[in-house]
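Here is the structure we will look at, set down as structure tokens.
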Amino acid sequence: MRLKDKVAIVVGAGQQPGETIGNGRAVAMRFAREGARVLCVDIMPERASETVDSVKQEGGEASLLAADITREQECAAIVQTCVERYGRVDILHNNVGRAKGDAPTPDIDAAMWDEIMDMNLKGMMLTCKHVLPVMRQQ
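Structure, rendered in structure tokens:
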């Protein structure tokens, strides 16, 4: 158990509809199998709830938090919630992103571009911004 006594935040822990398990769910389950306690974060709590249930069925420890990482207050709340529930944060795994940007440039409107940048870049920066001070303090 390489992650015994570690606490992980997995952002995007829910599974998208489809035949595969999904990267977020797979990572959350792997971290738990390795001994970590996992905060499963997703904008769609019903999807992350299934991940939490899967972790618990395997004997791991996980909890759910619904959050939108494009909103700074919600990113701060992710970290605060993790510390309140588990006492620390050792791992931040950002597993969210939008892939609409692979369209031909003339087909990407400004609103779509803003959505892509908010999710793929701003969201990553905001989660890191709020978790790094906690990690450094530990």
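Numbering (our numbering), first residue to last: 713 to 850.
We treat Cβ as the ideally placed atom computed from N, Cα and C, and that holds for glycine.
Query, Result
"If distances are taken between C-alpha atoms only, which option among Ser775, Gly771, Val767, Ala744 comes closest to Asp754?", "Ser775"
"In the DSSP assignment, what are the bridge partners of His805?", "Val722"
"In angstroms with no decimal places, state the Cα-to-Cα distance between Arg714 and Gly771.", "16 angstroms"
"Would you identify the three-state DSSP class for Leu715, choosing helix, strand or coil?", "coil"
"Here's the rule I'm using: 16 or more other beta-carbon atoms within 10 Å means buried, otherwise exposed. How should Asp765 be labelled?", "exposed"
"Determine the extent of the beta strand (DSSP E) in which Glu796 is found, giving its start and end residues.", "No beta strand (DSSP E) contains Glu796, which is instead part of the alpha helix (DSSP H) from 784-798."
"Would you kindly check if the distance between the Cβ of Ala779 and the Cβ of Ala725 is under 8 angstroms?", "no"
"Roughly how many angstroms separate the alpha carbons of Gly747 and Ala823, rounded to a whole number?", "41 angstroms"
"So, for Asp717: in the same chain, excluding its five sequence neighbours on each side, which residues have a beta-carbon less than 8 angstroms away from its beta-carbon?", "Gly747"
"Run through the DSSP bridge pairs and tell me what Cys752 is partnered with.", "Val722, Leu776"
"Val801 and Val900 - do their beta-carbons sit closer together than 8 angstroms?", "A query on residue 900 cannot be resolved here, the shown segment of the chain reaching from 713 to 850 and no further."
"Helix, strand or coil: which one does DSSP assign to Ala815?", "coil"
"Assign Gly835 to one of three DSSP states: helix, strand, or coil.", "helix"
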